[in-house]
Amino acid sequence: MQGVFQMSGSIARMTEPILLNVVYAQFGPRGVWLVEIGQLLFTLSLWLVFLKRLVPLEKRYPLKDEVEEKRAEAIA
């Protein structure tokens, strides 16, 4: 999934300047603001739709035995 997100982000960074240039030429700064507000509303709506599916980050610490084994391997 990370690759898909990186690819879509790269495509967006390539196409958005061209899109906003065309929008600015046709509609002026108001059109650019409307595109940006539309993107923000789309992102917020997706966030609200998937809010219940979000999972908090859990940091997993290694067990004490694993840490001692790694230290012993490093020393040897």
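Mapping to our numbering: the sequence shown position 58 is 91, numbers consecutive.
C-beta atoms are modelled at their ideal positions from N, C-alpha and C, and glycine is treated no differently.
These figures come from a predicted structure and were not determined experimentally.
>> So, under 8 Å CB-CB, Val128 and Val68 are touching, yes? Tell me the CB distance rounded to an integer number of Å.
In response: Given that the chain is displayed from residue 34 to residue 109, the structure contains no residue 128 and the question cannot be resolved.
> Cβ of Leu53 within 9 Å of Cβ of Val37?
Replying inline: In the sequence shown, counting from the first residue as 1, residue 53 sits at position 20. In the sequence shown, counting from the first residue as 1, residue 37 sits at position 4. No, Cβ-Cβ distance for Leu53 and Val37 is not below 9 Å.
> In chain order, which alpha helix (DSSP H) runs of at least 4 residues are fully inside the region 43 to 88?
Replying inline: 62 to 82
> In the structure shown, what three-state DSSP assignment does Met40 receive?
Replying inline: Position 7 of the sequence shown, counting from 1, holds the residue named residue 40. Three-state result, Met40: helix.
>> Quick check on DSSP: helix, strand or coil for Arg104?
In response: Numbered from 1 along the sequence shown, position 71 holds the residue referred to as residue 104. Correct three-state label for Arg104: helix.
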